[in-house]
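Accompanying notes for the structure given below.
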Amino acid sequence: MYIDTHAHLTYSPLYEDVSAVIERAKSAGVSPIICVGTDLQSSRRAIAMTERFDNIFITVGIHPHDAEKLKYGWQKEVLELCRHPKVVAYGEIGLDYYRNFGPRNTQLALLAEQIEMAESLNLPLILHNRLAEDDLARCLARCGYFHGVLHCFSSNVEFARKVLAMGFHISFTGNATYGTPRIEEVIRTVPLDRLMLETDSPYLPPEGKRGEVNEPANIPLIAEKIAAIKMVSVTEIEKQTTDNARRFFNLPQ
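First residue of the sequence shown? That's 1296 in my numbering, and the numbers climb one at a time after it.
See below:
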């Protein structure tokens, strides 16, 4: 079985059809699924969802897009949500200099505060990065907490080597299937024991399904492409990425 380490099942249109989405994933050999929170509302929804489905585990965190939307006392609610026994990571957090929904200094302050919160909870980080490699690397080094994954990796091999040297994992989405030389170079560089798979559903469907709503059931298509790029068997990718995810998120066998 595969594990989808990053899906937004609380987002439309997946949320409205989540039972069928989960069943299609199981039929494709994908279970469990990590449902990722990006704000207080999606984190609350994720908790309600994980109580309905045994194979859904969740994360809690505030995405950089919401850096300026937070109200006083948000930290208390996040910490309370993180007490749920099926919360397995802190995120999605990070920096986004592509869309710039919040000033960079506000994003950086929020990231540093949340890294400190995650460390206090002993939870791994789910890290978002868009065009913010230098600031992200500096913030991570300054905070000194290196238990995490760079999700939906789209940067260059130099940045990959930098975060790998810090101890982080790297995960790929449908972007691994698009034939982008920069990403394929990173895929060849990432050691198998630091690699994880994700869909980032409902976004970034793999090649052949572009224009469709992405789902966790598409994980095998991503695995097949990564296996071809790394010149190993699909079985090896399945086993290694599943083992990695179980260790990283401390999931039950």
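Yeah, the Cβ is synthetic: ideal placement off N, Cα and C, and Gly gets one too.
query, result
"Would you kindly work out how many angstroms separate the C-alpha atoms of Y1440 and E1502, rounded to a whole number?", "35 Å"
"Inspect the beta-carbon positions of T1305 and S1326 and report whether they are closer than 8 Å.", "no"
"When DSSP labels each residue in this structure, what does F1463 get in the three-state scheme?", "coil"
"Just reading off the beta strand (DSSP E) that M1526 is part of, what are its end residues?", "First-last for M1526: undefined, no H or E at that position."
"Which residues in the same chain as N1539 place their Cβ atom closer than 6 Å to its Cβ, once the five residues preceding and following it in sequence are excluded?", "M1491"
"Closest by CA to C1438, which one among A1460, L1445, L1403 and C1447?", "L1403"
"Can the beta-carbon of Y1393 be found less than 8 Å from the beta-carbon of R1433?", "no"
"Could you say if the stretch 1305-1324 and the stretch 1522-1530 meet the contact criterion of at least three C-beta pairs nearer than 8 Å?", "no"
"Between which two residues does the beta strand (DSSP E) harbouring A1330 extend?", "At residue 1330 the sequence reads Cys, which differs from the Ala that was named. Per DSSP, C1330 belongs to the beta strand (DSSP E) from V1325 to C1330."
"Is it right to say Q1409 is buried, meaning 16 or more other beta carbons lie within 10 angstroms of its own, or is it exposed?", "buried"
"Just the Cα atoms here: how many angstroms apart are R1483 and L1374?", "38 Å"
"Short check: CB of V1481 to CB of H1464, under 8 Å?", "no"
"DSSP three-state call for R1425: helix, strand or coil?", "strand"
"Between the stretch 1491-1500 and the stretch 1464-1478, are three or more C-beta pairs nearer than 8 Å?", "yes"
"Tell me the DSSP secondary structure of S1415 in three-state form.", "helix"
"Here's the rule I'm using: 16 or more other beta-carbon atoms within 10 Å means buried, otherwise exposed. How should D1299 be labelled?", "buried"
"One question on the structure: do I1328 and I1351 come within less than 8 Å of each other, judged by their Cβ atoms?", "yes"
"Counting only runs of 3+ residues fully inside the stretch 1346-1381, write out the beta strand (DSSP E) ranges in chain order.", "1351-1355"
"Expressed to the nearest angstrom, what Euclidean distance is found between the alpha-carbon atoms of P1359 and Y1498?", "17 Å"
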